[in-house]
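Asks: Below is one structure. I have some questions about it.
In C-alpha cells:
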C-alpha cells in the first residue's frame, strides 16, 4: 500500500455517559466503575457518521470522490446509509457512496477501500447489549472519519497492511437483533492469538523493524483486548480500545487515539482481531502536528453528561415508556424529502437576489421584498447561530421528553425553529451561541426522519463558515 | 388598500350556540343541527327558506356535504371553509359577503368542531405529506405561544413576575366571566393560586394558561340590513370584516421578536377603518379575542390598540379588561372557559355580542353595549392568520 496515507481524521463521541456503578447497582451485579459513552435517543450510526465526517471536512475541506460507511448497526437495509452521510456533508452527486456492513471488520474494509481511491472512510456504531451484558458495560457508541490520499500530503503514511481471514464462531448476531452473542471468550482468544502474532510479524518484517513505536489492538472479544496487548507491544505505547468497544468504529477510534498521541516520524501498528486478523502499519509525517484533530478523543471521553440507566434503557428500546396523549408523527414522504434534499440534509436555504433576505427553508418568492428572481442557495449547516428565544415543551411527542425547542438566528441572516440536541436546559438562554447537529428527529412507519437540531457546543462558542453557491444549490 | 368593507349592508338576525364541552353523546352532526335549529327557531324561518350555507370546520368533516347531509338540505349551495383557528369566523365572513353581493337573501353560517373523539390532548394537525422538517411537527401550540412570555419580558424590561401575574390575571378574569355563562365548558371561578400551581405544559405556561379542549357548534343567520326588521327588532349590524394572512416571515426573520402578531395589527386596523372606529378603547363596548393561551391575550391587548406597547400587563392588573373595566374583554369567558372547538369559536364570539346587544347576557350583561369586536388567530407567532370583525347594535346614521 505504498504511496497512500491518512490526510485528516476526526472522531466523535456522543456526550451521554452511562455510569457503570449505577448500572451495577440497578442490576445487582458488579458492572465495574467508570463510564461508557452512549448515543442519545436521536443519534444512530448514520448521524454519528455525519458528525465525524462533517468535523473532518470542516477542519480539512475536501471533496472526496468516494465515501465508504462502515457500521454493524445500519439504520436501513436495502437502502444505502452512506448516501445520507454523503448528502448531509453536501458532497456532489458525482461521488460514490456505499455501505460496508455489518461487523467490526467492516471498519477495516472501509479504510482499505477508501485508501485505494483517495476516499473518505466513515466508521460509526451503536453498541447495544442486553441489560447486564458485557457489550452494554464495555461497549461504546461513537464514530470516526478518515480521509485518505497521496502519502506525500498525508499526516500518516500507510507503510504496510496485511490481513488473515478465519471462520470462527466467536461472536454473532441475527440481523435486527439488538444483542449479540459471544462464545466463551477464551476460545476466541486461543483461536485468534496465533493469527495475531503472524499478521503482526508479517508487517513488521516487511517494514524491516522489530517493533513499532505504538501498538493499538482492538477486538470485539474482551479477552483479546485484555491479554493481546501483552503479546504484541510497542516501544512507546501499547493500547487497546479507548472508550469501550465501538463495533465497526473501534479500529478507527483506536487509530484516531494513536494519531492524537503520536509524534511525527513514529510508527503505529494497528491490529484488529475479528473474523481473522488485520494489521496496518502507519508512519506519521511532519504534517501530523498541524493536522491533529482539535480535541483529542481522550479529552472528549473525559467530558460528557450523565445519563441515568433507566433513561438509557428507554433510549435503546429496552424500556418502553407511556407516550403523551398526542398522535405520533407521520413518516416523512419520499418525494418531498427528495425535492428538499439540500434543505433537509445539508440545511441549505435560499438568499433573495434583490434584498438578501435569507429563507429557511428555501422559498420561491422573497418574504421581505416580494421578489421572485431566482435565489442563490446557502448552506448554513456549518454556520454559527444565536438563540433568539426557546421553550420547554412537556406536551409534545418526543422519544425522550420534554422536548426543548429554540428559535435560532444564524450569523449573516436566517432564522429557524429547531429542537435542541442533548438538551441541557440550564445551558440555554436567550443569546446562547449554538451550532447544528444532524439528528434523527423520530422514526415513523419505518422511516427515520433526519434533520438538524441546535446544539450548545461542548467547548467554546459556535463558529462556522457558510458555503454559498449561485448555481441553485448542490443537489 | 382597497378593502372597502360592507359596513351596515348586512345584519345578523338570528344566532345559535350549543353548550361547549365534552359532548361524548353528541356527534359533530348533532351539534351542527342543534346550533342551526336554534337560529331557525329564533328567526322563525324554515330550513327551506335558507338560500345558501357556509360551514366552518377544521377537521370534523369535509365538503359542503357535512352540512347538507346533517340538515338534509335540498340541493342548495353549501361551502365548507377552513382557515386554522379562524375557521368559524371565515364561514361568517364569506356568508356576509354572499349576502352583501346580492346573490342570496338569507345565508346561514355554521361552525362546528368535534375535538373529543380523537382521544388526544390539544388540537390535531392534518398536514399534507412533507419532508419532516417543519417546526410545527414537533412543537405544540402551547410551546409556540409560550415563546411570547420571555420575549415580552425582555423587550419591555418587565419583571417576569409581573408578566406572570398578568397572565394569571387573564386566566382568572376569563374564568370569572365564564362562571357567569351557562354555555361555557368551565363554569366555576378559578383562584389565582390554582392557576399558578397548575402542572407546567410548556415554558411558563401551566395547564390553566391554556384554553380547554371541547366540542361545540354555533351559527348565524345573515340577511341584507334593510330586511333585518322582518326577522327581529334587534338585529346585529356587520360593520367591519378583515382577514390577514401573512407571509409567515416572523418564523424566518431575525427582526421578529415574538412580542406582536403583525397579522393582527393589519386585520384590526382594516376592520376598524371599515367600521369607522377611531379609538377602539374608547368606542368599543366589548371585545371577544382569541385567548388560546394567556400570553396571547396579553400581546393582543397591545396589537389591538387597547393598551400602549409594553403597558398591557399593567392595564390588565389594574382591571381595565374586566366586566366593569374600561373595555371588557372576553365577557363570555373566552376560549379559556369555552375551550376551542375550532370551527365554532369565531361564531361563539359573535354569539356573545349578539346576546349583549339584546340584553340577554344574564349575569354578565354589560350596560348599553353598542359596538363590539371579535377576533381569531390561526397558526402561531410568526406564522399565522388573523380575523377581526366589528359588529354593532345600530346602523351608523
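Residue numbers (our numbering), protein chains in the order written: chain A, 14 to 488; chain B, 2 to 398.
Beta carbons: idealized from backbone N, C-alpha and C, even for Gly.
Which ranges does the alpha helix (DSSP H) cover as unbroken runs of at least 4 residues, wholly within the region 299–381 of chain B, from first to last along the chain?
Replies: Correct list: 313–318, 335–339 and 343–359.
Asks: Within 8 Å of any Cβ in chain B, is that where the Cβ of residue 456/A sits?
Replies: Here residue 456/A is taken as the residue at index 443 of the first chain, counted from 1. Chain B contact via Cβ: absent.
Asks: Given residue 331/A, which residues of its chain have a CB within under 7 Å of its CB, disregarding the five upstream and five downstream residues?
Replies: For this step, residue 331/A is matched to residue 318 along the first chain. Hits under 7 Å: 144.
Asks: Can we say the region 347–364 of chain B touches the region 233–246 of chain B, given the rule of at least three CB pairs closer than 8 Å?
Replies: Result yes; three or more Cβ-Cβ pairs closer than 8 Å.
Asks: Do three or more CB pairs link the region 327–340 of chain B to the region 174–182 of chain B at distances below 8 Å?
Replies: Enough Cβ pairs lie closer than 8 Å, so yes.
Asks: Relative to the C-alpha of residue 256/A, which candidate in 370/A, 148/A and 19/A has its C-alpha closest?
Replies: Stepping through the first chain from its first residue, residue 256/A is reached at position 243. Among 370/A, 148/A and 19/A, the Cα nearest to that of residue 256/A belongs to 148/A.
Asks: May I ask you to report which of helix, strand or coil DSSP gives residue 19/A?
Replies: Taking the first residue of the first chain as 1, we reach residue 19/A at position 6. Three-state result, residue 19/A: strand.
Asks: What residue range is occupied by the uninterrupted beta strand (DSSP E) comprising residue 461/A?
Replies: Start at 1 with the first residue of the first chain, and residue 461/A comes out as number 448. Looking at the DSSP string, the run of the beta strand (DSSP E) that includes residue 461/A is 460–468.
Asks: If we cut at 8 Å on Cβ distances, does residue 168/B have a partner in chain C?
Replies: No chain C is present in this structure, whose protein chains are A and B.
Asks: Among 457/A, 203/A and 258/A, which residue has its Cα nearest to the Cα of residue 84/A?
Replies: Residue 84/A sits at position 71 when you count from the first residue of the first chain. Here the closest residue by C-alpha is 258/A.
Asks: Against chain B, with Cβ distances strictly below 8 Å, would residue 488/A count as a contact?
Replies: Within the first chain, the letter at position 475 stands for residue 488/A. Residue placement at residue 488/A cannot be trusted, given a pLDDT of 31 that sits under 50; what the coordinates show is reported in the next sentence. Chain B contact via Cβ: absent.
Asks: Just to confirm, is the Cβ distance from residue 224/B to residue 387/B under 8 Å?
Replies: Here residue 224/B corresponds to residue number 223 of the second chain, with the count starting at 1. Here residue 387/B corresponds to residue number 386 of the second chain, with the count starting at 1. Not in contact: residue 224/B and residue 387/B (Cβ atoms no closer than 8 Å).
Asks: As a quick exercise: from 314/A, 127/A, 208/A and 469/A, pick the residue whose alpha carbon is nearest that of residue 179/A.
Replies: Taking the first chain and counting its residues from 1, the one referred to as residue 179/A is at position 166. The candidate whose alpha carbon is nearest that of residue 179/A is 208/A.
Asks: Taking all protein chains shown into account, decide if residue 333/A is buried (16 or more other Cβ within 10 angstroms of its Cβ) or exposed.
Replies: The residue you call residue 333/A lines up with position 320 of the first chain. Burial call: exposed.
Asks: Can you check which of these residues, 261/B, 242/B and 171/B, is closest to residue 330/B by C-alpha distance?
Replies: Residue 330/B sits at position 329 when you count from the first residue of the second chain. Cα-wise, what sits closest to residue 330/B is 171/B.
Asks: Establish whether the CB of residue 346/B and some CB of chain A are separated by less than 8 Å.
Replies: Residue 346/B sits at position 345 when you count from the first residue of the second chain. Not closer than 8 Å to any Cβ of chain A, the Cβ of residue 346/B fails to qualify, so no.
Asks: How big is the Cα-Cα spacing for residue 120/A and residue 37/A?
Replies: Counting from one through the first chain, the residue named residue 120/A turns up at place 107. Counting from one through the first chain, the residue named residue 37/A turns up at place 24. Using only the alpha carbons, I get a separation of about 31 Å.
Asks: For the structure I just gave you, are there three or more beta carbon pairs, one from the region 313–322 of chain A and one from the region 94–102 of chain B, closer than 8 Å?
Replies: Taking 8 Å as the limit for Cβ pairs, the verdict is that the region 94–102 of chain B does not touch the region 313–322 of chain A.
Asks: So, helix, strand or coil for residue 483/A, using DSSP?
Replies: Taking the first residue of the first chain as position 1, residue 483/A is located at position 470. Because residue 483/A sits at a pLDDT of 36, beneath the cut-off of 50, its placement in the model cannot be relied upon, and the point is left open.
Asks: Decide yes or no for the touch test of the region 335–354 of chain A against the region 33–51 of chain A: beta carbon pairs closer than 8 Å, at least 3 of them.
Replies: Verdict: no, contact absent.
Asks: Could you have a look at residue 50/A and say whether DSSP puts it in helix, strand or coil?
Replies: Taking the first chain and counting its residues from 1, one reaches residue 50/A at position 37. Correct three-state label for residue 50/A: strand.
Asks: Would you say residue 98/A reaches chain B, if we count a Cβ-Cβ gap shorter than 8 Å as a contact?
Replies: Sequence index remark: in the first chain, residue 98/A carries index 85 (1-based). No, residue 98/A does not count as interfacial toward chain B.
Asks: For chain A, check one thing: does any of its Cβ atoms lie closer than 8 Å to the Cβ of residue 122/B?
Replies: Translated into positions along the second chain, residue 122/B becomes position 121. By this cut-off, residue 122/B is an interface position.
Asks: Count the other CB atoms within 10 Å of the CB of residue 214/A; is the residue buried (16 or more) or exposed (fewer)?
Replies: Locating residue 214/A in the first chain gives position 201, counting from the first residue. Under this definition residue 214/A is an exposed residue.
Asks: Can a CB atom of chain A be found closer than 8 Å to the CB of residue 125/B?
Replies: Position 124 of the second chain, counted from the first residue, corresponds to residue 125/B. Yes, residue 125/B lies at the interface with chain A (some Cβ there is under 8 Å from its Cβ).
Asks: In the region 59–141 of chain B, which residue ranges form an unbroken alpha helix (DSSP H) of at least 4 residues, counting only runs that do not cross its ends?
Replies: Qualifying alpha helix (DSSP H) stretches, in chain order: 66–72 and 88–101.
Asks: Taking 8 Å as the threshold (C-beta atoms), are residue 98/A and residue 63/A in contact?
Replies: Translated into positions along the first chain, residue 63/A becomes position 50. Translated into positions along the first chain, residue 98/A becomes position 85. Yes; because the gap between Cβ atoms is below 8 Å, this pair is in contact.
Asks: Within 10 Å of its beta-carbon, does residue 336/A have 16 or more other beta-carbons around it, so buried, or fewer, so exposed?
Replies: For the purposes of this step, residue 336/A is identified with residue 323 of the first chain, where counting begins at 1. Flag for residue 336/A reads exposed.
Asks: Does the distance from the CB of residue 174/A to the CB of residue 216/A come in under 8 Å?
Replies: Sequence index remark: in the first chain, residue 174/A carries index 161 (1-based). Sequence index remark: in the first chain, residue 216/A carries index 203 (1-based). Contact flag set, yes.
Asks: Judging by CA-CA distance, which residue of 184/B, 197/B, 180/B and 199/B is the nearest neighbour of residue 190/B?
Replies: Mapped onto the second chain, residue 190/B falls at position 189. Comparing Cα-Cα distances from residue 190/B to each of 184/B, 197/B, 180/B and 199/B, the minimum goes to 180/B.
Asks: Measure the alpha-carbon distance for residue 122/B versus residue 44/A and round it to whole angstroms.
Replies: Along the second chain, one-based indexing puts residue 122/B at 121. Along the first chain, one-based indexing puts residue 44/A at 31. Those two C-alpha atoms are separated by around 42 Å.
Asks: Between residue 342/B and chain A, is any beta-carbon pair separated by less than 8 Å?
Replies: Taking the first residue of the second chain as position 1, residue 342/B is located at position 341. Output row for residue 342/B: interface = no.
Asks: Assuming residue 90/B contacts residue 390/B under a Cβ cut-off of 8 Å, what Cβ separation, rounded to an integer in Å, is found between them?
Replies: Your numbering for residue 90/B matches position 89 in the second chain. Your numbering for residue 390/B matches position 389 in the second chain. The Cβ separation is near 7 Å, so the contact holds.
Asks: Could you give the DSSP three-state label for residue 4/B: helix, strand or coil?
Replies: Within the second chain, residue 4/B is the residue found at index 3, counting from 1. In this structure, residue 4/B counts as coil in the three-state DSSP scheme.
Asks: Just checking, does the region 403–415 of chain A make contact with the region 199–206 of chain B on the three C-beta pairs under 8 Å criterion?
Replies: Cβ pair count under 8 Å is three or more, so yes.
Asks: Within a Cβ cutoff of 7 Å, which residues of the same chain sit near residue 157/B, ignoring the five residues on either side of it in sequence?
Replies: Taking the first residue of the second chain as position 1, residue 157/B is located at position 156. Excluding sequence neighbours, residue 157/B sits near 311.
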